[in-house]
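J.: As you go down the protein sequences, you meet chains H and X in turn.
Sequential numbering from 1 applies to the first sequence in the numbering used here.
Sequential numbering from 342 applies to the second sequence in the numbering used here.
There are 2 protein chains.
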Amino acid sequence: MASSDERRFAVLRAIVADYVSNQEPVASKAIVERHNLGVSSATVRNDMATLEEEGYIAQPHTSAGRIPTDKGYRLFVDRLSDVKPLSGAERRAIRSFLDGAIDLDDVLRRSVRMLAQLTRQVAVIQYPTLTHSLVRHIELVALTPARVMLVLITDNGRVDQRMIDLGDVITEDAVARLRTMLNSALVEHHLTDAAAKVSELIEEAPAELRDPMTRIATVLVESLVEHPEDRLVLGGTANLTRNAADFPGSLRQVLEALEEQVVVLKLFAAASSPGTITVRIGEENEVEEMRSTSVVSIGYGSQHALLGGLGVVGPTRMDYPGTIAAVRAVANYVGDILAGR
Amino acid sequence: MASSDERRFAVLRAIVADYVSNQEPVASKAIVERHNLGVSSATVRNDMATLEEEGYIAQPHTSAGRIPTDKGYRLFVDRLSDVKPLSGAERRAIRSFLDGAIDLDDVLRRSVRMLAQLTRQVAVIQYPTLTHSLVRHIELVALTPARVMLVLITDNGRVDQRMIDLGDVITEDAVARLRTMLNSALVEHHLTDAAAKVSELIEEAPAELRDPMTRIATVLVESLVEHPEDRLVLGGTANLTRNAADFPGSLRQVLEALEEQVVVLKLFAAASSPGTITVRIGEENEVEEMRSTSVVSIGYGSQHALLGGLGVVGPTRMDYPGTIAAVRAVANYVGDILAGR
DNA sequence: ATCAGCACGCGTCGACCGCGAGTGCCAACC
DNA sequence: GGTTGGCACTCGCGGTCGACGCGTGCTGAT
C-alpha cells in the first residue's frame, strides 16, 4: 500500500531528524511523542522492524533505539524535496562578509570560513581552475641572472608563480623581449590554447632566445596547464572535534586525510555542473579513510564555466537539508563574485 | 651541596625523559632501573620529595609516580646544553625535499610538512615579512574597466595581489603609464621606503592620473606595507590527536585557536633574531587557549634580515631536545633557500 | 647522607547487581 | 490486513564492593 510506504518513510525521516539533533538512538515512543504521526508506538515499532530488514536503520545493541544506516541517510537525502533556503539575514550576512574581500585569496578564505561557520563542519574550496581561464597577463621577472619567475594572471583573479631555472645567464633585455612575445601571443586567450600557441612561439623565436623560451614554455604548459597542482583552502577543522564520537577512533585518520590535497580533491571529483549538489554518504566515499564521513559538494562558477568545487566534510550524522542549503548558497555567491568582477 | 643538587637535577631529567616517552607518571623504582644513578630508589624518593616541594614535579594522585610541572620542564629546557643535531640522513632528507620546491608557496608548504613530520607536532611558518624586502617588480593589470589588480613581487619570491577599485573607467594606456611610474620609482628599493616614494609619485603625476595613482598608493602603503596581513602556513594538525589525553578536553580549543591567524601570530611574536630558539611552556603562553601547549619557535632569514618566524606547537609533554633540533635545522634551510636564491 | 624494609593510601580492575529503556511478540480489535 | 495495548524479555548502564598492587613516606640502621 502506498500510504503505508509513506508512513514508513515518515518514520525514517523522524529517526534521522531526531538522531541528528540528539545524537542518540531514537525509540519508537520518542517518535510518536515528538512527531505526530497519528499512530501508536507499536505501529511504529512494526515499521521500524521492516525498515531494519530493508537495511535503512540499525540498532547498536539489542535493546536500544534505532539509528539510520548509510542507506537510510541516502534514501532520506534522495527524497529531500524542499530544501529550505537560508534566511534573509543569513544571505545578507554572507553577501556583506564576502564583499569585503580584498583579492582572490581573500574571497576564498572568507568563503571557507563562512561555510564552516554556517554548517559547523569542515569546509573546503578548490581554487578556480586554470583550464577555462583567460590569460590576463604574463609577467617575467629576473630574480637572479640565471633565474626568472613566471607570474601568470588570469581573468578570475588568480595569480600563479613558478620559478624557472634558465641554465644560463640572461640579459634584462632578453627577458623583456620574451615577456612581450608571451603576452602578445597569449593575452586574452584561453589557457587551453596555450600549448599550441607556445610551440609556435618557440619556432618563431630568434636563435638566442630559443633555449630560454623552450624552458619557459615547458614550465608554463606542463606545470600550469596540464598538471596544475590544484590548490585548495580548508577551514573549520576544529569542528571535527565537536563530536569526537562521530568518528570512532578515526578522528586522527580523517584529519590526516584532509591534509592530503590529493585525497580531498578526490572527494570533490564528482562536482560537475554548477548548481548540482552531490552528496557522498559514508561508505559511498571512494576514499578509504573517509568512510565515516559524508561529503556535500557542488561546483561553482558561472552558468557555462565550471570554475571549481567547494563543499563540506562532516559526520554522516549531519543536518543534510541545512548543509545542502548552506553549500548551495555559498557556491552561488562565490560564483557570482568571481564571475561578476 | 653541589653534587646533591646535581643528582636531583638528574632525577628531574630522568622523570622528564621517561614521562615524555611513556607518558605515564614515573616511579622512583623505574628511575633507578632505567637510568643508572648509582643510588637506591629510596634516595630518589627523597630527591623527588624535595623536587615536589620546590614545584618542579607533581603527582596526579597520592600514590602515583611523578610528572613534571611546567616549572620542571622550564628548568629542564634551560639546562639543556648539548642539543644533539639531526643525523646526516635527516639533514640530507630535508635538503633534498626542500630543494624540489617550485616557488615560495611550495618552499613553505614543504617546510611545514617536513617540520611537522620531524617533530610529529603541529608546524607553523610565517610568510617572509614584506618590510625588509626589495621590490622586484610591480604589475598593474586591468581586470575590468574600472578595476585593476596590483601585483607586488619581492626579492624573496613573495607575490602579493590586491584588487583596487578605481571608481572610474581607466584606459589601458593610463594603466601602462601608471605601471611604468610605479616601477621606476620603486623597483630595487626597500618597501619601507615605499610610502615616501609613492607620495612623491602622486605629486609628480599628471592631473588625469592623480586620482587613480592616489588610490593605488593608498592600497600599496596601507595594506601591503603598514598592515600586511601576515600570512602563515599550518601543517600537521592531525598530530594533535596523537595523544588526545595531552589536551584535557581542550583539543577543540587548541584547534580553534590555531585557525585564528592573530592568535598564532601572537605565539610567535617572540621570534627575534634568527638562530635563537624561544620556548614557551604551558602557562608561560600569553594566549589563554594555549596554556596546555608548548611552543618552540625561532626566526629565520639571513644573518642580518629577519624574514619571519617558524616553529611548532605541541603538548607540554614533548621531546624538547629533538624538537629544538628539528626547528633549528628547518629554520636554517628555509633561511638559506630564501636568501640564497 | 644513604638505604632496606615496612605500613599505608589510593587508584585500578573485575565482578556483581538492580534498574529501566526499548524491543518483539501476541492476542484483541476495528 | 492494519493497528493497538499489554507484557515478557534482553541487555546496556551506573553504582557498589572488594581484592590487588603500586608507589610512596617514614623509620631505623649503617
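Cβ atoms here follow ideal geometry from the backbone N, Cα and C, with glycine treated the same way.
DSSP on residue 397 of chain X, reduced to helix/strand/coil?
T.: coil
J.: By Cβ distance, which residues of its chain are closer than 6 angstroms to residue 120 of chain H, with the 5 residues on each side in sequence left out?
T.: 239
J.: Tell me the residue span of the alpha helix (DSSP H) that contains residue 267 of chain H.
T.: 261 to 267 is the span of the alpha helix (DSSP H), which, as asked, contains residue 267 of chain H.
J.: Counting only beta-carbon separations shorter than 7 angstroms, does residue 579 of chain X have a partner in chain H?
T.: Flagged as an interface residue toward chain H: residue 579 of chain X, by a C-beta distance shorter than 7 angstroms.
J.: Do residue 115 of chain H and residue 279 of chain H come within 7 angstroms of each other at the CB atom, strictly closer than that value?
T.: no
J.: Where does residue 555 of chain X sit, in a helix, a strand or coil, going by DSSP?
T.: helix
J.: Would residue 393 of chain X pass as an interface residue toward chain H - the criterion being a Cβ-Cβ separation below 7 angstroms?
T.: No - not a single Cβ of chain H is within 7 angstroms of the one on residue 393 of chain X.
J.: Considering only their Cβ atoms, is the gap separating residue 505 of chain X from residue 466 of chain X smaller than 7 angstroms?
T.: no
J.: Excluding the five sequence neighbours on either side, which residues of its own chain have a C-beta within less than 8 angstroms of the C-beta of residue 60 of chain H, listed in chain order?
T.: 25, 67
J.: Which residue from H:289, H:228, H:273, H:249 puts its Cα closest to that of residue 258 of chain H?
T.: The option with the nearest alpha carbon to residue 258 of chain H is H:289.
J.: Could you pull the start and end residues of the beta strand (DSSP E) that residue 660 of chain X belongs to?
T.: That residue, residue 660 of chain X, is in no beta strand (DSSP E); it is neither H nor E in DSSP.
J.: Who are the Cβ neighbours of residue 560 of chain X in its own chain at under 7 angstroms, not counting the five residues just before and after it?
T.: 491, 503, 505
J.: With a Cβ-Cβ cutoff of 7 angstroms, do residue 154 of chain H and residue 179 of chain H count as a contact?
T.: Their beta carbons are not under 7 angstroms apart, which means residue 154 of chain H does not touch residue 179 of chain H by this criterion.
J.: Expressed to the nearest angstrom, what Euclidean distance is found between the alpha-carbon atoms of residue 551 of chain X and residue 544 of chain X?
T.: 8 angstroms
J.: Near residue 194 of chain H, which residues of its chain fall below 7 angstroms by C-beta distance, leaving aside the five closest residues on each side in sequence?
T.: 186, 220, 221, 225
J.: Would you decide whether residue 396 of chain X is buried or exposed? Buried here means 16 or more other CB atoms lie within 10 Å of its CB.
T.: The residue is exposed, with fewer than 16 neighbouring Cβ atoms inside 10 Å.
J.: Would you identify the three-state DSSP class for residue 305 of chain H, choosing helix, strand or coil?
T.: coil
J.: Considering only residues of the same chain and omitting the five flanking positions on each side of residue 108 of chain H, which have a CB-CB separation below 6 angstroms?
T.: Closer than 6 angstroms at the Cβ level, and outside the excluded window around residue 108 of chain H, lie 125, 233.
J.: Between the stretch 422 to 442 of chain X and the stretch 351 to 366 of chain X, are three or more C-beta pairs nearer than 8 angstroms?
T.: no
J.: If you scan the stretch 538 to 587 of chain X from start to end, which runs of the alpha helix (DSSP H) of 4 or more residues do you find wholly inside it?
T.: For the stretch 538 to 587 of chain X, whole alpha helix (DSSP H) runs of length 4 or above, ordered along the chain, are 548 to 559.
J.: Could you confirm whether any beta carbon from chain H is found closer than 7 angstroms to the beta carbon of residue 593 of chain X?
T.: yes
J.: If you count every other CB in all the chains shown that lies within 10 Å of the CB of residue 28 of chain H, and 16 or more means buried, which is it?
T.: buried
J.: Just mark residue 512 of chain X as buried or exposed, buried being the case when its beta carbon has 16 or more other beta carbons within 10 Å.
T.: Looking at its Cβ environment, which holds fewer than 16 other Cβ atoms inside 10 Å, residue 512 of chain X is exposed.
J.: Expressed to the nearest angstrom, what Euclidean distance is found between the alpha-carbon atoms of residue 334 of chain H and residue 235 of chain H?
T.: 16 angstroms
J.: By how many angstroms is the C-alpha of residue 57 of chain H removed from the C-alpha of residue 69 of chain H?
T.: 5 angstroms
J.: Going by CA-CA distance only, name the one from H:166, H:128, H:298 that's closest to residue 141 of chain H.
T.: H:166
J.: Pick helix, strand or coil for residue 23 of chain H, following the three-state DSSP scheme.
T.: Collapsing the DSSP output to three states places residue 23 of chain H in coil.
J.: When the distance is taken between beta carbons, is residue 479 of chain X closer than 7 angstroms to residue 523 of chain X?
T.: yes
J.: When you compare the CB of residue 477 of chain X with every CB in chain H, is at least one pair closer than 7 angstroms?
T.: At a cut-off of 7 angstroms, the C-beta of residue 477 of chain X has a neighbouring C-beta in chain H.
J.: For residue 162 of chain H, decide whether its Cβ has a neighbour in chain X, counting only Cβ atoms nearer than 7 angstroms.
T.: yes
J.: By DSSP, does residue 288 of chain H sit in helix, in strand, or in coil?
T.: helix
J.: Can you name, in chain order, every residue of its own chain whose Cβ lies under 6 angstroms from the Cβ of residue 406 of chain X, other than the five neighbours on each side?
T.: Around residue 406 of chain X: 366, 367, 368.
J.: State buried or exposed for residue 314 of chain H, treating a residue as buried only when at least 16 other CB atoms are found within 10 Å of its CB.
T.: A residue is called buried once 16 or more other Cβ atoms fall within 10 Å of its Cβ, and residue 314 of chain H is buried on that count.
J.: Suppose the cutoff is 8 angstroms on Cβ atoms and the five residues either side in sequence are ignored; what does the same chain contact list for residue 487 of chain X look like?
T.: 506, 507, 508, 509, 510, 511
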